[in-house]
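Enquirer: Residue numbers (our numbering): 72 to 220.
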Amino acid sequence: LLVRTEDGRLRPLGTRFLVRREAGGTRLEVLQASVAAMPHDSGDERVLREGQQVLMNANGLGEVGTVPAGADAWTRGMLVVDNVRLGDLLATLGQYRSGYLGVDAKVADLRVTGSFPLTNTDLALASLVPALPVKIERHTQWWVNVTSK
Numbered sequence: 072l073l074v075r076t077e078d079g080r081l082r083p084l085g086t087r088f089l090v091r092r093e094a095g096g097t098r099l100e101v102l103q104a105s106v107a108a109m110p111h112d113s114g115d116e117r118v119l120r121e122g123q124q125v126l127m128n129a130n131g132l133g134e135v136g137t138v139p140a141g142a143d144a145w146t147r148g149m150l151v152v153d154n155v156r157l158g159d160l161l162a163t164l165g166q167y168r169s170g171y172l173g174v175d176a177k178v179a180d181l182r183v184t185g186s187f188p189l190t191n192t193d194l195a196l197a198s199l200v201p202a203l204p205v206k207i208e209r210h211t212q213w214w215v216n217v218t219s220k
């Protein structure tokens with residue numbers, strides 16, 4: 072098996088891992104064993120081991136870091152976040168629902184920590200109201216905004 076992305080190739084070495092596209096490249100998170108990462112425009116191949124992550128673009132690999140706790144929770148229908156921007160949380164939740172999910176710039180930089188169900192994003196949104204100075208505005212079933220109270 073060889074996973075090809077816009078930024079390079081990933082060769083699993085008897086492993087369990089996550090790959091996702093981000094604004095700056097391709098994120099690789101190794102959950103078990105190891106994965107060899109090879110950016111397209113670099114001759115380097117780096118082997119990442121269990122618990123390591125890296126952001127790869129076509130020119131090379133970023134700094135190796137630690138896989139955050141709960142990184143694979145989405146495979147069980149949950150999203151676990153720790154001190155992320157509300158705007159980033161909503162962008163991710165928006166991938167799991169139909170329609171438009173917006174956020175007011177006044178609250179987009181609020182920080183959020185928690186676990187949110189991906190199979191019921193309305194419940195996930197409702198759980199934000201008691202914890203943050205926000206309200207959920209439902210214009211239609213497919214048009215929801217998170218705004219300041």
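Here a beta-carbon is modelled for each residue, glycine too, at the ideal position from N, C-alpha and C.
What residue range does the alpha helix (DSSP H) around L160 cover?
Expert: Here the alpha helix (DSSP H) through L160 covers 157 to 165.
Enquirer: Identify every residue that forms a DSSP beta bridge with L99.
Expert: DSSP lists V90, V125 as partners of L99.
Enquirer: Quick one: what does DSSP say A144 is sitting in, helix, strand or coil?
Expert: Helix, per DSSP.
Enquirer: Check T76 in the structure and name its three-state DSSP category.
Expert: Reduced to three states, the DSSP call for T76 is coil.
Enquirer: Hey, how far is the Cα of K177 from the Cα of E134?
Expert: In a straight line, the C-alpha of K177 is about 32 Å away from that of E134.
Enquirer: Buried or exposed for E208, going by 16 or more other Cβ atoms inside 10 Å?
Expert: Result: exposed.
Enquirer: So the candidates are A129, V215, T86; which of them puts its Cα closest to the Cα of R92?
Expert: When only C-alpha atoms are compared, the closest one is A129.
Enquirer: Alpha carbons only, please: which of P204, T192, Q103, G96 is nearest the one belonging to S219?
Expert: Ranking P204, T192, Q103, G96 by Cα distance to S219 puts P204 first.
Enquirer: Which residues bound the beta strand (DSSP E) around L172?
Expert: Run containing L172: 171 to 174, per the beta strand (DSSP E) assignment.
Enquirer: Please report how far the alpha carbon of A131 lies from the alpha carbon of R87, in whole angstroms.
Expert: Looking at the sequence itself, residue 131 is Gly, so the reference to Ala does not match. Cα to Cα, G131 sits roughly 22 Å from R87.
Enquirer: Considering only their Cβ atoms, is the gap separating R156 from D193 smaller than 8 Å?
Expert: Not closer than 8 Å, so no.
Enquirer: Classify D153 as helix, strand or coil using the three-state DSSP reduction.
Expert: Strand.
Enquirer: Less than 7 Å between C-beta atoms, sequence neighbours within five positions excluded: which residues of the same chain meet that for L72?
Expert: Closer than 7 Å at Cβ, skipping near neighbours: P83.
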